[in-house]
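What follows is one structure encoded as structure tokens, with my remarks underneath.
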Amino acid sequence: MFGKNLKTLVISALAGLALAGCQGQNAGTSGASTSGQSTSDEYRIAMVTDGNGIDDRSFNQSAWEGMEKWAKDHGFSENARSFYQSHSEADFIPNLSTATADNYNIVFGIGSFMVEPIQKIAENNPDQHYGLVDGQVDLPNVVSLSFKDNESAYLAGVAAAKSTKKDKVGFIGGMKIPGIERFEAGFKQGVKDTKPEVEVDVQYADSFGDAARGQQISSSMYQNGIDIIFTAAGQTGNGAFTETRNRLENGEKGLWIIGCDRDQSSEGEWSQGNFTLASTLKLIGTTIAKVTDQSMSGDFPGGQSQYNGVKEGAVDLVDTNLDDDAKAAVNEAREGIKNDKITVPEKLADLK
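Numbering (mature numbering (1 follows the signal peptide of the UniProt record, and there is no 0)), first residue to last: -20 to -1, 1 to 332.
In structure tokens, the structure reads:
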């Protein structure tokens, strides 16, 4: 993910759209399949990634897997779904414009840094349907999809507090932006409500794509006695998995990772077991599929800003390696959120 100041970028990119259309390839990398032709009766869906790819083991991958499942469930060819890989913020506008020109019925921008690009492209293409994940654009041809990540992070905090043996846990954030601070706030509140004496060490990597930095931070945390780390850092978080695996393979014991945005159980495999304690879920793919079905049926929720959490089944926690006591605590917290008995803060200033 990248910085927010896109005004100069937007102006220059819009001016160069005609040139981009002559290149024969969008500014990023197209993920459109070439194995077969899309039939005329197929509904076609595309996504534009942020700086991380569809194999980031997190946010973008969850979206892409949902799109693949959607196409398969409808019996559509591989050409019915595609992705456009952004390598930098300079790719956002060209990729969105190319996806639009390629006649996809609905185009999704993934990530909060897509707000201004989606705004500009959607204004210039009022008949095209767009979806924005983790941001808000108030236009009749855009549906804005946001998630109560603070609620799934709260469940992660409960799990960490019930599972730590050292009463010290860590949180690694990608960049200090509102969307990630939402994770931090929920996690801290979950820990505090469950076991107030547990310390939470918070460190930000200032990047969503620096696995080496994630490994460095997690190494420091483990050296300081932390035994459970929750990452909300995209590909940066992959470094925490690497560091944990290396330490366990070298004889250390009792180290755990809580994954983010999708079930990261497979990333926790090592020679003697699995160190993924749990994973927060952001069901981006399911939400994208629902909106696409609405678009396809003529009931596109354009102009809406949807904000869904545990109650709506949009976020949750996978309890991969939790013991029975921790599972029970997580289940109780989940029901508390659903029944409005637990209100999870979104901002650090609102921590109780």
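Using N, Cα and C, we set each Cβ at its ideal position, and we do this for glycine too.
Q. In terms of alpha-carbon separation, which member of S275, E179, T211, V295 lies closest to L257?
A. T211
**Q.** Sheet register partners of E249 (DSSP bridge)
**A.** N254
Q) Below 8 Å, can you find three or more Cβ-Cβ pairs linking the segment 31 to 42 to the segment 237 to 248? A) yes
Q.
Checking 8 Å against the spacing of the C-beta atoms, do A133 and F167 come in under that value?
A. yes
(Q) Is it buried or exposed, Y287, if we count other Cβ atoms within 10 angstroms and call 16 or more buried? (A) exposed
Q) In chain order, what residues of the same chain lie with their CB nearer than 6 Å to the CB of G289, ignoring the 5 residues before and after it? A) K128, E131, V295
Q. Are the segment 216 to 224 and the segment 60 to 75 touching, with three or more C-beta to C-beta distances below 8 Å?
A. no
Q) If D30 sits next to G91, beta carbons under 8 Å apart, how far is it from one beta carbon to the other, in whole angstroms? A) 4 Å
**Q.** Runs of beta strand (DSSP E) wholly within the segment 262 to 304 (minimum 3 residues, chain order)
**A.** List check, beta strand (DSSP E) in window: 285 to 288, 295 to 298.
Q) In this structure, what does DSSP give as the bridge partners for E179? A) K148
Q) Can you name the start and end residues of the alpha helix (DSSP H) that M47 belongs to? A) 39 to 53
Q: Could you name the residues of the same chain whose beta carbon sits closer than 8 Å to that of I98, not counting the 5 residues immediately before and after it, in chain order?
A: L76, G89, Y110, L112, G115, V117, V122
Q: Pull up the CB-CB distance for L328 and A185, whole angstroms please, since I reckon it's below 8 Å.
A: Contact doesn't hold; Cβ gap of about 18 Å is too wide.
Q: Could you tell me if S305 is buried or exposed, where buried requires 16 or more neighbouring beta carbons within 10 angstroms of its beta carbon?
A: Looking at the sequence shown, residue 305 is not Ser but Asp. Under this definition D305 is an exposed residue.
Q) With distances taken between CB atoms, is the gap from I152 to Q183 smaller than 8 Å? A) yes
Q) How would you label G189, buried or exposed, when you count the other beta carbons within 10 angstroms and need 16 or more for buried? A) A residue is called buried when at least 16 other Cβ atoms come within 10 angstroms of its Cβ; G189 meets this threshold and is buried.
Q. When we look at the beta-carbon of G205 and count the other beta-carbons within 10 Å, is it buried (16 or more) or exposed?
A. exposed
(Q) Give me the residue from V271, A191, W44, L297 with the minimum Cα distance to S285. (A) V271
Q: My understanding is that D207 touches L228, with C-beta atoms under 8 Å, so please give their C-beta distance in whole angstroms.
A: About 12 Å; that fails the 8 Å criterion.
Q. By DSSP, does M155 sit in helix, in strand, or in coil?
A. coil
(Q) As a quick exercise: from T224, N311, S277, pick the residue whose alpha carbon is nearest that of N254. (A) T224
Q) Should Q169 go down as buried or exposed, given a rule of 16 or more other Cβ atoms within 10 Å for buried? A) With a threshold of 16 other beta carbon atoms within 10 Å, Q169 meets it and is buried.
Q. Is it the case that the Cβ atoms of I264 and A26 are separated by a distance below 8 Å?
A. no
Q) What three-state label does DSSP hand T29 in the structure shown? A) coil
Q) On the three-state DSSP scale, how would you describe L125? A) The answer is strand: DSSP assigns L125 an E or B state.
Q.
For V149, tell me which candidate among M201, E249, K49, Q274 has the shortest Cα-Cα distance.
A. M201
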